[in-house]
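A.B. asks: Residue numbers (the numbering used here): 1321 to 1396.
One structure is given below, represented as structure tokens, and several questions about it will come after.
Written as structure tokens, this is what we have:
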């Protein structure tokens, strides 16, 4: 497989793992904040970490298309 493609995939995996860890830290901090101020927290704070990042889906689709193009070029 193309070396540049492998580097790109590794970078995207690292970035995704970093965001997941960051999200876990935010959730933990939010939980502690809610525990201390449970009576008056804004509703939007509960939605900060609830949704997964849509860019992961887009990156996966882009990588699969790129892989398809690279293999087609190699066959020619």
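For every residue, glycine included, the Cβ atom is placed at its ideal position computed from N, Cα and C.
Only a predicted model underlies this, so the values are computations on that prediction, with no experimental measurement involved.
Just to confirm before moving on: does the CB-CB distance between residue 1386 and residue 1325 stay below 8 Å?
C.D. replies: As a first step, residue 1386 is located in the chain shown; it is residue number 66 there, counting from the start. As a first step, residue 1325 is located in the chain shown; it is residue number 5 there, counting from the start. Yes, they are a contact pair.
A.B. asks: Which of the three DSSP states is assigned to residue 1322 in this structure?
C.D. replies: Working through the chain shown from its first residue, we reach residue 1322 at position 2. Here residue 1322 sits in coil by DSSP.
A.B. asks: Hey, residue 1390 and residue 1330: beta-carbon distance below 8 Å or not?
C.D. replies: As a working note, residue 1390 is residue 70 in the chain shown. As a working note, residue 1330 is residue 10 in the chain shown. Cβ atoms of residue 1390 and residue 1330: not closer than 8 Å.
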